[in-house]
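All residue numbers in the sequence shown are consecutive under my numbering, ending with 192. Glycine included, C-beta positions come from ideal geometry on N, C-alpha and C. Please read the structure below before turning to the comments.
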Amino acid sequence: MTVSYTLRRHALEPLMIWQVAADALECRTERGPMQRWPYAGMAELRLQYDPTRFNPDNYVCLLTPLKGERIRLPSTHFAGIGHFDNRAADYRAFVQALTTRLADANPRCHFAAGPTPARFWAGQVVQWLALLLVAVVIGMTGSVPLFFLLLLAVIYLPLAWHYGRRNRPQAFVPPHLPEAVLPPEPRHD
4 MTVSYTLRRH ALEPLMIWQV AADALECRTE RGPMQRWPYA GMAELRLQYD
54 PTRFNPDNYV CLLTPLKGER IRLPSTHFAG IGHFDNRAAD YRAFVQALTT
104 RLADANPRCH FAAGPTPARF WAGQVVQWLA LLLVAVVIGM TGSVPLFFLL
154 LLAVIYLPLA WHYGRRNRPQ AFVPPHLPEA VLPPEPRHD
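What follows is the structure, encoded as structure tokens:
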């Protein structure tokens, strides 16, 4: 059974149909030939939580071929400027099928969640240093009330903790995918 996932990643890209085929990941668009990436040629599959200001529920599957450019498959579909449709159910099914097929076809492929450890820890250090710098500048100028600094900490610290906890670097073995880097299962109330 072929599993498909349809999305547009950004405004300048046509609608793309991604398929988990028997021996390769395939992609076709309204224009242009079908592209194929054989599973045997994949070095890594990485899952991440990747929120942005306009797209806070975004998760991404990053595929790194041995040759060529990295493939980025987000869990959301570009619907317009500042508007993204959540495709969580389709994305989850697609990523599950892709990781299973890729693991079966290519035992050398590395499966990881979150950014690389170096990128994760560098990001953690930069964000905490930036927060410390803001606190020092506010403290030295004395022109901003302490309440503002406390409010900033109350708003920022939980967001930083949430992002860091979800994106903790780790390896995984398919078919068991880390829930922290997958969109929540859609509710059927």
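So within the region 97-141, which uninterrupted beta strand (DSSP E) runs reach at least 3 residues, ignoring any that extend past its ends? 113-116, all fully within the region 97-141.
Taking buried to mean at least 16 other C-beta atoms within 10 Å of its own C-beta, is Gly-71 buried or exposed? As a working mapping, residue 71 is identified with position 68 in the sequence shown. Gly-71 is exposed by the Cβ-count criterion.
Let me make sure I understand the geometry here. Which of Cys-112, Pro-172, Val-140 and Gly-142 has the alpha-carbon closest to that of Pro-278? Nothing can be reported for residue 278, as the shown portion of the chain is limited to 4 through 192.
Should His-165 be labelled buried (16 or more other beta-carbon atoms within 10 Å of its own) or exposed? Here residue 165 corresponds to residue number 162 of the sequence shown, with the count starting at 1. Taking all protein chains shown into account, His-165 has fewer than 16 neighbouring C-beta atoms within 10 Å of its C-beta and is therefore exposed.
In chain order, what residues of the same chain lie with their CB nearer than 6 Å to the CB of Arg-168, ignoring the 5 residues before and after it? The residue you call residue 168 lines up with position 165 of the sequence shown. Result list for Arg-168: empty, nothing under 6 Å.
Count the CB pairs spanning the region 97-107 and the region 40-53 that are closer than 8 Å, and state whether there are at least three. The answer is yes - the region 40-53 touches the region 97-107, with three or more Cβ pairs under 8 Å.
Best match in Glu-16, Ala-27, Leu-180 and Tyr-42 for proximity to Ala-213 [C-alpha to C-alpha]: Any question about residue 213 goes unanswered here, given that the chain covers just 4 to 192.
The beta strand (DSSP E) that contains Pro-41, what's its start and end? Against the sequence shown, residue 41 aligns to sequence position 38. Start and end: 38-41.
Return the chain-ordered list of same chain residues with a C-beta closer than 7 Å to the C-beta of Pro-41, the five sequence neighbours on each side being excluded. Translated into the one-based positions of the sequence shown, residue 41 becomes position 38. Correct list, in chain order: Asp-26 and Ala-27.
Check whether the Cβ atoms of Phe-57 and Ala-14 lie closer than 8 Å to each other. The residue you call residue 57 lines up with position 54 of the sequence shown. The residue you call residue 14 lines up with position 11 of the sequence shown. No.
Could you tell me the alpha carbon to alpha carbon distance between Gly-145 and Arg-34, rounded to whole angstroms? By 1-based counting over the sequence shown, the position of residue 145 is 142. By 1-based counting over the sequence shown, the position of residue 34 is 31. Rounded to whole angstroms, the separation of the alpha carbons of Arg-34 and Gly-145 is 59 Å.
Taking Arg-11 as the reference, give the member of Arg-75, Tyr-52, Leu-134 and Ala-92 with the closest Cα. Along the sequence shown, one-based indexing puts residue 11 at 8. For Arg-11, the nearest C-alpha among the options comes from Arg-75.
Measure from the alpha carbon of Pro-59 to the alpha carbon of each residue in Gly-44, Leu-69 and Ser-78, then state which is nearest. Start at 1 with the first residue of the sequence shown, and residue 59 comes out as number 56. Minimum Cα distance to Pro-59 is reached at Ser-78.
Could you tell me the boundaries of the beta strand (DSSP E) in which Val-6 lies? For the purposes of this step, residue 6 is taken as residue 3 along the sequence shown, with counting starting at 1. Counted as a single uninterrupted DSSP element, the beta strand (DSSP E) harbouring Val-6 occupies residues 6-10.
Please look up how many angstroms separate the CB atoms of Val-184 and Tyr-94, rounded, as I've assumed it's under 8 Å. Taking the sequence shown and counting its residues from 1, the one referred to as residue 184 is at position 181. Taking the sequence shown and counting its residues from 1, the one referred to as residue 94 is at position 91. Between Tyr-94 and Val-184 the Cβ distance is about 11 Å, and since that is not below 8 Å, they are no contact.
CA-to-CA distance, Leu-155 to Arg-39, given in whole angstroms: Taking the first residue of the sequence shown as 1, we reach residue 39 at position 36. Taking the first residue of the sequence shown as 1, we reach residue 155 at position 152. Put simply, the backbone Cα of Arg-39 is about 47 Å away from that of Leu-155.
Which residue wins for smallest C-alpha separation from Cys-112, given the options Thr-55, Ala-24 and Thr-67? Translated into positions along the sequence shown, residue 112 becomes position 109. Looking at Thr-55, Ala-24 and Thr-67, the one whose alpha-carbon comes closest to that of Cys-112 is Thr-67.
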